[in-house]
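Q: Next up is a structure, given as structure tokens.
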Amino acid sequence: MSTSQIEVAGVLISPDHYIDGRRVGSPETFELRSPIDQRVLGVVSEGLEDHVEAAIESARAAFPAWSLLSAAERKVYLDRFADEIGKRADDFCRVESTDAGLLLSRMRHGVVPRAMLNIRWFANHALDLQNRPIDTEQAHHRVRHDPAGVVVIITPWNSPLLLSTWKLGPALAAGNTCILKPPEWAPLTCSLLADAAQAAGLPPGVLNIVQGTGSRAGAKLVGDPRIARVSFTGSVPTARRIAQAAGANLVPCSLELGGKSPFIVLEDADLDGAAATGALMYRNAGQVCLAGTRFLVHERVADAFVEKMRAHVERLVIGDPREEATEIGPIIHPRQLERVEGFVQRAVETGARVLWGGDRHAFGAQYFQPTMLTNVGQHDEIVQNEVFGPVLTLQTFSDDDSVVALANGTDYGLGGVCYGETDHAIAVADRVRTGFIWINSFGVRDLEAPFGGIKRSGIGREGGDWSFEFFCDVKDVVIPRKPFRASFSHR
Ligand code: NAD
């Protein structure tokens, strides 16, 4: 069964699954609304047991042929896949902006080029992956990186295209076949990815897309014993459920989770630079895992820093993400807005002081003001828990030991930002327990560098070789240098 296409931002999109190279509808659907104006965009197919079953079987059937291609042969397909994304760049931009509320300008200049690069870069780097020799006196080791099998990829709504391609790129390049479960609050650009895969001639079953909610389609996929890997980006509570389901089958999971990252401003920092970067933490209405959301500012420069950052925040253009000038768009869903608002209200009730913002924004029903709260304690809910909205906190410190203690004083450990004289900032950053930290900068990402968190922020690393290590089975083929003589005393 296949439902008809829906039209979003002038683009025709299938709201159905993509299984074995064909569109497959569902007797059950869910409604999708734009976060910008709550307009109904259409209904999307729910992934039921039959669809999950069909997707797994299709991916299994496609695996032998796809995995036996050389990396160079797969690169031909994947380069064409990236080309097809490029040909429809404008569609991807308009749809994700309407569906997920991402800035059209950022989609155009950042996300879509990066999505193409995610596919191309890993396809290229898989070329030297197959055989990494180790030579010792005893033996020649052909260390192979073989594709693991059927990979399930689960992504969140805050940047669906970017995060889906960041996982699909290495998984497909390594020779796995994939099932992508897009986020139910923003599923449409993943459906466009299926069109691009089909136009690129990817063999049926190499990339399947099962739409649907996490508790149904997602849970079924990750608990299936026939899958080889789960690559997940999303929240901590969902990660626990996924790890439990996959753990029952001993299926390895890569978990990229939330953050409560410190934004440190040392006494010797360039306050103008730090304040300008600080305002970037409101990007995507604060719905960014890697944002520095806990400002830790040296007490001697705190007042000056606050006034400089306030000046930047006052100039932020809040509005419709489809307009070029807009810098801050909507919150994804009414439930997320209520969550954000609840955090702020509870913080204020327990003594937090609002430096700016603190309330809904008049632009639209799903908009919240960029907010900064101070007079907060390290054990307060607002300091310990991820808000995932435009809400930051500010605490002060007096010396390096105390800022390191504050920075490390949550259960999260994703990233961080440290502004200060370079050597000083590096010395402090080295003591902060996170997966990455930016010195006098923010958001600098290279595909070959490791990305991921520690503590509650996740398990595993993505990027470069780390992605391939996860998506591959490593096998050592050992060829002795001298003729082997069997002996019980042989070592
Ligand atoms: P979420 O955990 O609610 O959902 C993420 C995905 O998991 C969705 O596709 C959902 O359908 C699916 N899902 C839900 N329950 C499932 C289950 N039982 N089995 C299988 N799949 C299931 O997260 P969200 O609200 O969509 O995204 C926001 C979260 O993602 C935040 O915590 C944010 O920090 C995190 N995030 C992390 C990174 C990173 O790289 N570390 C990047 C972006 C977002």
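According to UniProt numbering, the sequence shown is numbered sequentially starting from 1. Don't be surprised by glycine CBs; every beta carbon is placed ideally from N, CA and C. The model shown is predicted, which means the values in this text are computed figures rather than measured ones.
(1) Is the closest heavy atom of ligand 1 to the C-beta of residue 7 under 7 Å?
(2) State the Cα-Cα distance for the pair residue 12 and residue 95, rounded to the nearest angstrom.
(3) What I want to know is whether the C-beta of residue 222 ends up closer than 7 Å to one or more non-hydrogen atoms of ligand 1.
(4) Distance check for residue 107 and residue 56, CA to CA, integer angstroms please.
(5) Give the DSSP-derived three-state secondary structure of residue 7 in the structure shown.
(6) May I ask you to verify whether the segment 215-235 touches the segment 85-104, counting CB pairs closer than 8 Å and requiring at least 3?
(7) Just checking, does the segment 173-181 make contact with the segment 141-161 on the three C-beta pairs under 8 Å criterion?
(8) For residue 84, count neighbouring C-beta atoms within 10 Å of its own C-beta (all shown protein chains included) and say buried if the count is 16 or more, exposed if not.
(9) Could you tell me whether any Cβ in chain C is nearer than 8 Å to the Cβ of residue 373?
(10) Under the three-state reduction of DSSP, which class applies to residue 414: helix, strand or coil?
(11) How far does the alpha helix (DSSP H) with residue 177 in it reach, from first residue to last?
(12) Which whole runs of the beta strand (DSSP E) in the segment 212-252 are 3 residues long or more, in chain order?
(13) May I have the straight-line CA-CA distance separating residue 262 from residue 396, to the nearest angstrom?
(14) Measuring alpha carbon to alpha carbon, tell me which of 223, 364, 171 and 287 ends up nearest residue 507.
(15) Note down the Cα distance separating residue 226 from residue 182, rounded to an integer number of angstroms.
(16) Assuming contact is defined by CB atoms lying nearer than 8 Å, are residue 25 and residue 16 in contact in what I supplied?
(17) Which runs of the beta strand (DSSP E) at least 3 residues long sit entirely within the segment 127-214? Give them in chain order.
(18) Among 45, 205, 192 and 380, whose alpha-carbon lies nearest the alpha-carbon of residue 212?
(19) When you compare only the Cα positions, how much space is there between residue 259 and residue 355?
(20) If we count the other Cβ atoms within 10 Å of its Cβ and call it buried at 16 or more, is residue 34 buried or exposed?
(21) Classify residue 75: buried if its beta carbon has 16 or more other beta carbons within 10 angstroms, exposed otherwise.
(22) Going by other Cβ atoms of all chains shown within 10 Å of its Cβ, with 16 needed for buried, is residue 118 buried or exposed?
(23) Within 8 Å, do at least three Cβ pairs link the segment 468-481 to the segment 134-141?
(24) How about residue 157: is its Cβ closer than 7 Å to a heavy atom in ligand 1?
(25) Under three-state DSSP, which class holds residue 532?
(26) Anyone know if the C-beta pair for residue 329 and residue 102 falls short of 8 Å?
(27) Going by beta-carbon coordinates alone, are residue 123 and residue 78 separated by less than 8 Å?
(28) Name the DSSP bridge partner or partners of residue 438?
(29) Quick one: what's residue 17 bridged to in DSSP?
(30) If distances are taken between C-alpha atoms only, which option among 436, 407 and 315 comes closest to residue 415?
(31) Using the three-state DSSP reduction, which class does residue 92 fall into: helix, strand or coil?
(32) Using a Cβ-Cβ cut-off of 7 Å (strictly less than) and excluding sequence neighbours within five positions of residue 449, which residues of its own chain qualify?
(33) Got a sec? Which residues, its chain only, sit under 8 Å from residue 245 by beta carbon, not counting five neighbours each side?
(34) Is it right to say residue 411 is buried, meaning 16 or more other beta carbons lie within 10 angstroms of its own, or is it exposed?
(35) State buried or exposed for residue 486, treating a residue as buried only when at least 16 other CB atoms are found within 10 Å of its CB.
(36) Checking the sheet assignment: what are the DSSP bridge partners for residue 480?
A: According to the data block:
(1) No, ligand 1 has no heavy atom inside 7 Å of this Cβ.
(2) Going from the Cα of residue 12 to the Cα of residue 95 covers about 10 Å.
(3) Residue 222: yes, Cβ under 7 Å from ligand 1.
(4) Near 31 Å, if we compare the C-alpha coordinates of residue 107 and residue 56.
(5) The answer is strand: DSSP assigns residue 7 an E or B state.
(6) In short, these stretches do not touch, since the Cβ pair count stays below three.
(7) Counting Cβ pairs under 8 Å, three or more are found: they touch.
(8) Answer is buried; the Cβ neighbour count reaches 16.
(9) Note that chain C does not occur in the displayed structure, where there is just one protein chain.
(10) In the three-state reduction of the DSSP assignment, residue 414 falls in the coil class.
(11) Element bounds for residue 177: not the alpha helix (DSSP H) but the beta strand (DSSP E), 177-181.
(12) Whole beta strand (DSSP E) segments, 3+ residues: 229-233.
(13) Taking the straight line from one Cα to the other gives about 12 Å.
(14) The requested residue 507 does not occur in the structure, where the chain is confined to residues 1 to 491.
(15) Rounded to whole angstroms, the gap between the alpha carbons of residue 226 and residue 182 is 20 Å.
(16) Taking 8 Å as the Cβ cut-off, residue 25 and residue 16 qualify as a contacting pair.
(17) Whole beta strand (DSSP E) segments, 3+ residues: 131-135, 139-147, 150-154, 177-181 and 207-209.
(18) Nearest option by C-alpha distance: 45.
(19) Their Cα atoms are separated by approximately 22 Å.
(20) Residue 34 comes out buried.
(21) By the 10 Å Cβ count, residue 75 comes out buried.
(22) Around the beta carbon of residue 118, 16 or more other beta carbons lie within 10 angstroms, which makes this residue buried.
(23) Because the criterion of three Cβ pairs below 8 Å is met, the segment 134-141 and the segment 468-481 touch.
(24) Checking the Cβ of residue 157 against ligand 1 gives yes.
(25) Because the chain in this structure spans residues 1 to 491, residue 532 falls outside the shown range and cannot be described.
(26) The criterion of a C-beta distance shorter than 8 Å is satisfied by residue 329 and residue 102.
(27) For the 8 Å CB-CB criterion, residue 123 and residue 78 form a contact.
(28) Bridge partners of residue 438 according to DSSP: 417.
(29) Answer is 24, bridged to residue 17.
(30) Nearest Cα to residue 415 within the set 436, 407 and 315: 436.
(31) The answer is helix: DSSP assigns residue 92 an H, G or I state.
(32) Cβ within range, chain order: 463 and 464.
(33) 219, 222 and 223, listed in sequence order.
(34) So residue 411 counts as exposed.
(35) Residue environment: residue 486 is assigned as exposed (fewer than 16 neighbouring CB atoms within 10 Å of its CB, all protein chains considered).
(36) DSSP output for residue 480 lists 139 as bridge partner(s).
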